[in-house]
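Notes follow the structure.
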Amino acid sequence: MRPSRLFSSVAVVPALVIILIFFLLPIGVIIARSFTDPEPGLGQYAAALADPTTLRVLGRTFVTAIITVVVCIGLGYPFAYLLTLVGPTARTLLMVLVLVPFWTSLMARTFAWISLLQRDGPVSAVLGFFGAENVTLRGTLTGVVLAIVQILLPYMILTLYTALASIDRRQLAAAQSLGANRYKAFWQVYLPQSLPGLFAASSLVFILALGFYITPQLIGSPKEAMIAQVIGQRVEKIVDFAGAGALSGILLLATLGLFCVVILAVAPLRRGISQMVNGGETR
Amino acid sequence: MSQTTRMMLPVAAVAALALAACSSGSAPEGGDGGGGSLVFASYGSAYQDAQNEAFLDPWAAESGATVQNDGPTSYPKIQQMVESGNTIWDVVDTEPYFPVANCGTLVEEIDFTNIDTSNYPEGTWSDCSIPIAQYSTMMIVNSDTYSGSAVPSTPADFFDVEQFPGTRMVPGWAGAGALEFALLADGVAPEDLYPLDTERAYAKLDTIRDDLTFWNTSSESQQAMEDGSADMWLAWSGRGYEAEKNGASITPVWEDNLLAWASLSIVKGSKNLEQAQSFIEFAAQAEPQARFAELQPYAPADLSAKPELDELQEKWNVAKEDVQSQSIVTNVQWWADNSADAEAEWTAWSTS
Chain D
124 MRPSRLFSSV
134 AVVPALVIIL
144 IFFLLPIGVI
154 IARSFTDPEP
164 GLGQYAAALA
174 DPTTLRVLGR
184 TFVTAIITVV
194 VCIGLGYPFA
204 YLLTLVGPTA
214 RTLLMVLVLV
224 PFWTSLMART
234 FAWISLLQRD
244 GPVSAVLGFF
254 GAENVTLRGT
264 LTGVVLAIVQ
274 ILLPYMILTL
284 YTALASIDRR
294 QLAAAQSLGA
304 NRYKAFWQVY
314 LPQSLPGLFA
324 ASSLVFILAL
334 GFYITPQLIG
344 SPKEAMIAQV
354 IGQRVEKIVD
364 FAGAGALSGI
374 LLLATLGLFC
384 VVILAVAPLR
394 RGISQMVNGG
404 ETR
Chain B
11 MSQTTRMMLP
21 VAAVAALALA
31 ACSSGSAPEG
41 GDGGGGSLVF
51 ASYGSAYQDA
61 QNEAFLDPWA
71 AESGATVQND
81 GPTSYPKIQQ
91 MVESGNTIWD
101 VVDTEPYFPV
111 ANCGTLVEEI
121 DFTNIDTSNY
131 PEGTWSDCSI
141 PIAQYSTMMI
151 VNSDTYSGSA
161 VPSTPADFFD
171 VEQFPGTRMV
181 PGWAGAGALE
191 FALLADGVAP
201 EDLYPLDTER
211 AYAKLDTIRD
221 DLTFWNTSSE
231 SQQAMEDGSA
241 DMWLAWSGRG
251 YEAEKNGASI
261 TPVWEDNLLA
271 WASLSIVKGS
281 KNLEQAQSFI
291 EFAAQAEPQA
301 RFAELQPYAP
311 ADLSAKPELD
321 ELQEKWNVAK
331 EDVQSQSIVT
341 NVQWWADNSA
351 DAEAEWTAWS
361 TS
């Protein structure tokens, strides 16, 4: 092992210790409890999965996260793409637009959304101006998704931008010089190379969205409740650590499972792209 | 290409946030001026300040003990303290059902030798708890929305969306009164309320489901009264008082108000048991309770207490005789026995 290698192995230890003590250990305790309380076994998991409420809320959590990801891609991809096109000054300005909300507390932004979306609030007034009378978005899925998207969009843009910036734009010019029009060059040369970055950004946003608690709690009604709220309710109102632990375990497992799927899906994609770019199969 | 996607910036930011969140809770210090010490946990803000002024400060002056405050009250925290054998809190302010449900397991039994319960409303104390103040979970009406002759004035009106269209706001969990209120509005007599016919209560609540919104913290309900962002509320009298003081245009409806009370108990394994008992005996008296009622929009639990109230405080005072005659006392024993099932049922209903 070279000295620099050795150094980096040692350097990782403090971070590992912190993660171990403050993250893995407490999670381990909570999950362990879900298997032992009130009696050893899978009883808590069986009960949670047999409960239609759990399944309904879990399903809704995933649907909400998926909608969030789709909207974030729709808004974030063009924005990140634009960032790679403009000059340094404009890029700095656009970056500020992304980073200032990113650095603003989640609570502050959630409360701002409450006042924007409430009955007779500004959003309702604007919609009223365009003919939609008395629309209150607070307490609706649209309102919840809007707020979550606004909070998570910077993660999408920043992650996507680093990926897009590493794509060599001269390939687009090359594709066009070989007869592709601009759209074809984008679809067949640029977009495929951005897909791994898009997957990384999407999974980051998706996983963060899965655990949202404060925002749907304050902006949504119970009809939009996500799994974290049900877990919180379990602990705070019923003091049922084992049941809450089982729900957390299910969420963790589902998230990890999905993460594996994403990683497995990205690997062949990467191979395919490098093949394509290196002169493999093209039309 | 195939360069690993860099996403270090957001990840680093998240890590920094996580570290910042890892500050530990406060731990009491031992050692004092001979009168012992006491750790008191309650719900914070002006409420806990007033408790200090009315109860803790005078008791500390009398007993020579030092008092430390902590909070907010959290049931999982109490359970963790007792399970780990490291009880940090001595006296705690909780919802009334909690000390009944956990008497002897999470909270200590109280010695009632020096406590006079004869002036408390029936059902407001238990082997493990005393009431220090009363409030009501009650119907409150937006007087901007409803004026003239068509003003909702009964629980039944709360459920009458034909005659009184508008948004209703109720507490977002089972134990806060919505079930009782629905049954009373549906014609159940107060004496037949328990055991709660939850099926009937949900059927009644379903009739206004599309017009319902929920509050999870009482400050949310107060905010909604001040904003006028709902048309009727099932909310706490104290919050009604605070909202009207801040300019909300609202009217109290006292019929079938659900009496609730701030409840003190001693955490199991308290390291200052003697001081805790002494403090409980002090707080159970009429005089400090009257003082508390003057500071906060709550009424004394000891009905012999005579606080000096201004006009608005008097308007929202639940200790008045004509209010008490319309009050319904929550059956804490039923809630102690059934809260877990009831909350699960509520979650199933409200999230669907």
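Protein sequences, first through last, are from chains D and B. Read in order, the letters of the first sequence are residues 124 to 406 in our numbering. Read in order, the letters of the second sequence are residues 11 to 362 in our numbering. Don't be surprised by glycine CBs; every beta carbon is placed ideally from N, CA and C.
Alpha carbon of residue i to alpha carbon of residue j, nearest angstrom
i, j, result
"B/Gln90", "B/Thr97", "9 Å"
"B/Gln247", "B/Asp351", "This sequence places Ser at residue 247 of chain B; Gln is not what is there. Their Cα atoms are separated by approximately 27 Å."
"B/Ala195", "B/Ala286", "41 Å"
"D/Leu206", "D/Phe225", "17 Å"
"B/Tyr57", "D/Ile189", "42 Å"
"B/Ala37", "B/Val49", "At B/Ala37 the pLDDT is 40, less than 50, meaning the model places this residue with poor confidence; the figure from the coordinates comes in the next sentence. The straight-line gap from Cα to Cα measures roughly 10 Å."
"B/Asp320", "D/Val268", "46 Å"
"B/Asp80", "B/Val328", "28 Å"
"D/Tyr306", "D/Arg292", "14 Å"
"D/Leu321", "D/Tyr204", "12 Å"
"B/Gln233", "B/Arg249", "9 Å"
"B/Glu318", "B/Glu304", "6 Å"
"D/Thr282", "D/Ala323", "8 Å"
"D/Ile144", "D/Thr159", "22 Å"
"B/Leu66", "B/Ala293", "8 Å"
"D/Thr338", "D/Phe185", "15 Å"
"B/Val101", "D/Pro345", "33 Å"
"B/Asp241", "B/Pro310", "30 Å"
"B/Val263", "B/Ala270", "16 Å"
"B/Glu291", "B/Trp135", "13 Å"
Opening and closing residue of the alpha helix (DSSP H) in which residue i lies
i, result
"D/Phe71", "In the structure as shown, chain D starts at 124 and stops at 406, and residue 71 of chain D therefore has no counterpart that could be examined."
"B/Trp183", "From DSSP, B/Trp183 is part of no alpha helix (DSSP H); its letter is neither H nor E."
"B/Tyr145", "First-last for B/Tyr145: Ile140 to Asn152, but that is the beta strand (DSSP E), not the alpha helix (DSSP H)."
"B/Glu252", "Ser247 to Lys255"
"D/Val186", "Pro175 to Leu208"
"B/Trp99", "Segment: none, B/Trp99 is in no alpha helix (DSSP H) and carries neither H nor E."
"D/Pro339", "Ile337 to Ile342"
Sequence-distant residues of the same chain with beta carbon closer than 7 Å to residue i, five excluded per side
i, result
"B/Tyr107", "Gly185, Val342, Trp345, Ala346 and Ser349"
"B/Thr104", "Thr83, Ser273 and Ser275"
"D/Phe202", "Ile280"
"B/Ala188", "Val180, Pro181, Leu215 and Leu244"
"B/Pro165", "Met149, Phe191, Leu194, Ala195, Glu265 and Asp266"
"D/Leu276", "Cys195, Leu198 and Gly199"
"D/Ala367", "Ile354, Arg357 and Val358"
Under 8 Å between C-beta atoms of residue i and residue j
i, j, result
"D/Ala270", "D/Thr233", "yes"
"B/Val117", "B/Lys278", "yes"
"B/Ser288", "B/Ser153", "no"
"B/Gln397", "B/Ile142", "Within the shown structure, residues of chain B are numbered from 11 to 362, placing residue 397 of chain B beyond reach of any answer."
"B/Ser73", "B/Gln61", "no"
"D/Ile396", "D/Gln273", "no"
"D/Pro319", "D/Arg393", "yes"
"D/Thr177", "D/Leu374", "no"
"B/Tyr251", "B/Leu322", "yes"
"D/Leu287", "D/Arg261", "no"
"B/Pro175", "B/Phe168", "no"
Cut-off 8 Å between Cβ atoms - residues of its own chain near residue i, not counting five sequence neighbours on either side
i, result
"D/Gly251", "Asn257 and Val258"
"D/Phe382", "Ser326 and Ile330"
"B/Ser360", "Gly182 and Phe224"
"B/Glu93", "none"
"D/Ile342", "Thr233, Trp236, Ile237, Leu240, Arg261, Gly262, Gly266, Val267 and Ala270"
"D/Val136", "none"
"D/Ser131", "none"
Residue range of the beta strand (DSSP E) that includes residue i
i, result
"B/Phe50", "Ser47 to Ala51"
"B/Pro82", "B/Pro82 -> no beta strand (DSSP E), and no H or E assigned at all."
"D/Ser291", "Sequence check: residue 291 of chain D is Asp here, not Ser. It is not in any beta strand (DSSP E) - D/Asp291 carries neither H nor E in the DSSP assignment."
"B/Pro262", "Ile260 to Ile276"
"B/Thr223", "Leu222 to Trp225"
"B/Ile338", "Ser337 to Val339"
Contacting residues, own chain, Cβ-Cβ under 6 Å from residue i (five flanking each side not counted)
i, result
"B/Glu236", "Ala253, Asn256 and Ala258"
"B/Asp137", "Cys113 and Glu119"
"B/Gln334", "none"
**Prompt:** If contact means a Cβ-Cβ distance below 7 Å, which residues of the stretch 260 to 294 of chain B contact chain D?
**Reply:** none
**Request:** With 8 Å as the C-beta to C-beta threshold (strictly closer), list the residues of the stretch 297 to 308 of chain B near chain D in chain order.
**Result:** none
**Message:** Counting only Cβ-Cβ distances shorter than 9 Å, please list the residues of the stretch 341 to 354 of chain D near chain B, keeping chain order.
**Reply:** Leu341, Ser344, Pro345, Lys346, Glu347, Ala348, Gln352 and Val353
**Request:** Output, in sequence order along the chain, the residues in the stretch 154 to 171 of chain D whose CB is closer than 8 Å to any CB in chain B.
**Result:** none
**Prompt:** Quick one, which residues of the stretch 75 to 104 of chain B are near chain D if we go by CB-CB under 8 Å, in chain order?
**Reply:** Ser84, Tyr85, Pro86 and Gln89
**Request:** Pull out every residue of the stretch 347 to 360 of chain B whose Cβ sits closer than 8 Å to any Cβ of chain D, in chain order.
**Result:** Ser349, Ala350, Glu353, Ala354, Thr357, Ala358 and Ser360
**Request:** Using a Cβ-Cβ cut-off of less than 8 Å, give me the residues of the stretch 237 to 261 of chain D that come near chain B, in sequence order.
**Result:** Gln241, Arg242 and Asp243
**Request:** Anything in the stretch 169 to 192 of chain B with a Cβ closer than 7 Å to a Cβ of chain D? List those residues in chain order, please.
**Result:** Gly182 and Trp183
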